[in-house]
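The block underneath contains the structure these notes are about, expressed in structure tokens.
Protein chains: 2
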Amino acid sequence: MIRTVTETPRVWAAELPAHPGEQVRLQGWLHRHRALKSVSFLILRDRTGLAQVVCAAPEELEAAAALSEETVLEVTGTASANPQAPGGVELTGPVIRVLSSRAEPAPFELYRPVVPATLPVILDHAPVALRHPRLRAPHEIAAASVAGFRDALDALEFTEIHTPKLVGSATESGANVFSVDYFGRRAYLAQSPQFFKQMMVGVFERVYETGPVFRAEPSDTGRHLAQYTSLDAELGFVEDHHDVMAVLRGALVGMVERVRARAGAACALLEVELPEVPERIPEIHFADAQELLAAHSGRDPRGEPDLAPVDERWLSEWAVREYGSEFLFVTGYPMAKRPFYTHAEPGRPQYSNSFDLLFRGLELVTGGQRLHRYEDYLAALAARGESAEPYAGYLQAFQHGMPPHGGFALGLERWVARLVGAENIRLATLFPRDLNRLAP
Amino acid sequence: MIRTVTETPRVWAAELPAHPGEQVRLQGWLHRHRALKSVSFLILRDRTGLAQVVCAAPEELEAAAALSEETVLEVTGTASANPQAPGGVELTGPVIRVLSSRAEPAPFELYRPVVPATLPVILDHAPVALRHPRLRAPHEIAAASVAGFRDALDALEFTEIHTPKLVGSATESGANVFSVDYFGRRAYLAQSPQFFKQMMVGVFERVYETGPVFRAEPSDTGRHLAQYTSLDAELGFVEDHHDVMAVLRGALVGMVERVRARAGAACALLEVELPEVPERIPEIHFADAQELLAAHSGRDPRGEPDLAPVDERWLSEWAVREYGSEFLFVTGYPMAKRPFYTHAEPGRPQYSNSFDLLFRGLELVTGGQRLHRYEDYLAALAARGESAEPYAGYLQAFQHGMPPHGGFALGLERWVARLVGAENIRLATLFPRDLNRLAP
């Protein structure tokens, strides 16, 4: 694809061991520069990994002497077998061409196996810090995850949609929205594509979107971001939320498979253990979960309308013990804690046809069946003391015939953070935005 | 995937002709209701197409009588061969179950082959109007296009990224940005992922993003949107802009192939002629284009720093005549009209290593080689009288070593509008946002 000045082909660093004896060309960043008495080792980094370049002749040493780490180089030379080199092959007899400015020292040493920097230093210097293989790896896992999500849903005939991030009313959750000066009027940044994806079930039956959502989250925790990437799906003609859960399971399978196939090196570097997605993810009703917690966890959460983080952790561990599953569906959350468009549980109207998916102790996905009859929407809004007027556009879909449907939303950064064991979700976000951070 | 109450399998409308003689179950919207004297025809619409249901027995006619168009139905019956039915098979002996509220009349008749509504009516009623097969089809083409774009770049080892849409300074183009109240500070909606994708070349070498961008475009034309979907790519270790153009060509091939494979019915319905992407897309330098226009078009644009729309149309037609290509690269645009990060043309510094791709008379893509040396950025900003300070985050990447690189941005809605021959880009946008429109 890339034209070359010389005829020597570019070889990826990770593939150097496959070319012993050949004349090759490497391109990348000077990851580490180790000058010994009579020899200099240049470790070159490209998107695939590291390769060692040996400078021994006087003109090679002279060329290497001036090079600072992170300077971008093109190095042509011979791939030479050396059992002591990483991968068993190194590049000798190098001719070095400098492609960038002379690089200034990075804010921390990028070649250290463990990142020698605090989170603020990392985030303040993200354009450079992300070059550290351990800091880059989560984003390779993220990219593969999203691709796997789309693969799985494409195979189920879902249609990808692109919906507005600028909306006219702050209706969906009311609080924590960003307001925008929209040609002199007030607009808001969408907190989710919820309404749009539901409306589009009326058009495409099955839709997904992978895009940014915005929360003016005033709390500065390790779990919250002002912008994150939401993997949203919605499908029509369901019987209830179990059909949605089956699609979600398929999406998870696609994500794990693609991560395994495309981000294997990143997983190996971070020692990620990919989860098994069971044929049938275990499921417990909210009411049963409360009974279980009361009987065994040492806490009695009965009467509370939601699960506390400590309860989620306990249930997650219980699912591992009981079913060998790192995933657990908790279904039937009380209607009181779910949004107005939630479908109640037939026969037990205080509960809902909704679910959360717990993964390794944390809620990863929220979803459920939605109301689909126009009159049910009017009733639900009236019951909450809300006017239907701000919802006029959304309600059009239901006035004109909508099938039973449901969907879910999965937070990409949260998924990646769980996979790589990051305590702070910012380590799974290229350029996090939060209460205090708007740059770089 | 979908559990069913009955054991009868759901059949897609488009697949009904493959099941003659079988008991089948259809689900969809009542697209059209034609009541004759002794028989009623129900045309059911699902995401794949239309199917005819025949009601003849008294109880069938009675069940059908109350049904309004757009009501969602489940119909079980026998797939019966009938040469006069669409596709040669219709559903007879129907048992009808109503799945939705009784639908109110749509704002226009959705079953008319040509959309019997004006653009404002369509946009005001998008949740329903998009159900018209001709209005839905562009979005099926859009979904396939984006998938093809990603396929092509994934195959070239690009990494998908997700970048902030909230930025701290309105630096990139200055004008036409939306401002956001960000926890009491001022933030802006990103007009493009330009700076982020460049920075991420330093991490992943090759990146792409498919996401929303925002322009506070004060002009209300058929070509501009306040939010659109930008297909962005950026790659390192290029010799010049021609390497970028080669990647763009590959992306276009992927897009056209995937549209052909996955949106064939939509293309057929709209009589879309998919373009051939030539092995080598013809290319003309800006200076040569001006000479050509002066000599042949009846206009003399020499001395002007950009091409007028009429010139783009003429050049596009010229490329068809001369090369049989619906695509034409115009390269070397004057530096004066390109952003500060643009790389000049070696030896002719008034021109740039940039390009536009014209497609069917319009600019579809803009791209080029970028500066990659820190000192060049400082000089470029100084030459424009700009302080480097607001660019501090961005410039970090160049301080710490960046390879020669370039990229491009393709507007998804513009591509789809060209393909389907839509005069107004809003017909290629699910819920357009513009000077006057913020809902539905």
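Sequence order for the protein chains is A and B. Counting in my numbering, the first sequence runs from 3 upward without gaps. Counting in my numbering, the second sequence runs from 3 upward without gaps. Beta carbons: idealized from backbone N, C-alpha and C, even for Gly.
Item, Value
"Following the continuous alpha helix (DSSP H) through B:I124, name the residue where it begins and the one where it ends.", "121-126"
"Here's the rule I'm using: 16 or more other beta-carbon atoms within 10 Å means buried, otherwise exposed. How should B:Q86 be labelled?", "exposed"
"List the residues of chain A whose Cβ lies closer than 7 Å to the Cβ of B:Q398, in chain order.", "H127, P129, V130, P442"
"Given a cut-off of 8 Å on the beta-carbon distance, is the pair B:H374 and B:H407 in contact?", "yes"
"Give the list of continuous beta strand (DSSP E) stretches no shorter than 3 residues that lie fully inside the stretch 221-262 of chain A.", "229-238"
"Can you give the beta carbon distance from B:V182 to A:L191, rounded, assuming they're within the 8 Å contact cut?", "7 Å"
"Looking at B:V255 and B:L421, is the spacing between their C-beta atoms short of 8 Å?", "no"
"What residue from A:P22, A:R372, A:P392 has the CA that sits closest to A:Q200's CA?", "A:R372"
"Secondary structure at A:D378, three-state DSSP: helix, strand or coil?", "helix"
"Applying the criterion that 16 or more other CB atoms from any shown protein chain within 10 Å of the CB defines a buried residue, is A:S103 buried or exposed?", "buried"
"If contacts are defined as beta-carbon pairs under 8 Å, then B:L233 and B:L412 qualify, I think. What distance do you get, rounded to the angstrom?", "4 Å"
"Beta-carbon of A:I163 versus every beta-carbon of chain B: anything under 8 Å?", "yes"
"Give me the Cα-Cα distance between B:A83 and B:A20, rounded to the nearest whole angstrom.", "10 Å"
"Name the chain A residues whose beta carbon is nearer than 7 Å to that of B:M404?", "V74, S102"
"Please compile the residues from chain A whose C-beta is within a distance smaller than 7 Å of the C-beta of B:W31.", "G403"
"8 Å is my cut-off, CB to CB: does B:A228 come that close to chain A?", "yes"
"Is it true that the CB of A:L69 sits closer than 8 Å to the CB of A:V55?", "no"
"Quick one: is B:L44 near chain A, going by C-beta distance under 8 Å?", "no"
"Closest Cβ-Cβ distance between B:L437 and chain A: below 8 Å?", "yes"
"Who are the neighbours of B:Y184 on chain A, taking C-beta pairs under 7 Å?", "F180, L440"
"For chain A, is any of its Cβ atoms less than 8 Å away from the one on B:Y113?", "no"
"Using a C-beta to C-beta distance shorter than 7 Å, which residues of chain A count as neighbours of B:Y376?", "S103"
"Please classify A:A310: is it buried, with 16 or more other beta-carbons within 10 angstroms of its beta-carbon, or exposed?", "exposed"
"Quick check: is the beta carbon of B:E388 nearer than 8 Å to any beta carbon in chain A?", "no"
"Report yes if the C-beta distance between B:A321 and B:P284 is below 8 Å; otherwise report no.", "yes"
"Taking DSSP as the reference, what is the three-state secondary structure of B:M3?", "Its pLDDT being 42, under 50, B:M3 is placed unreliably in this model, and the value from its coordinates should be taken loosely. Correct three-state label for B:M3: coil."
"Taking DSSP's pairing of strands, which residues face B:P135 in a bridge?", "None, per the DSSP bridge assignment."
"Quick check: what's the CA-CA separation for A:R337 versus B:V261?", "In the sequence under discussion, the amino acid at residue 337 of chain A is Met, which differs from the Arg named in the question. Roughly 42 Å separates the two Cα atoms."
"In three-state terms, what does DSSP make of B:W31?", "strand"
"Check the Cβ-Cβ distances between B:V205 and every residue of chain A, and say whether any is below 8 Å.", "yes"
"Determine the contact status of A:A149 and B:G170, defining contact as a CB-CB distance below 8 Å.", "no"
"Measure the alpha-carbon distance for A:L227 versus A:V179 and round it to whole angstroms.", "13 Å"
"If you reduce the DSSP assignment to three classes, tell me which class A:V26 lands in.", "strand"
"In the DSSP assignment, what residue or residues form a beta bridge with A:Y184?", "A:R187"
"Given this structure, state the Cα-to-Cα distance separating B:T10 from B:G204, to the nearest angstrom.", "56 Å"
"Taking 8 Å as the threshold (beta carbon to beta carbon), is A:G170 in contact with chain B?", "yes"
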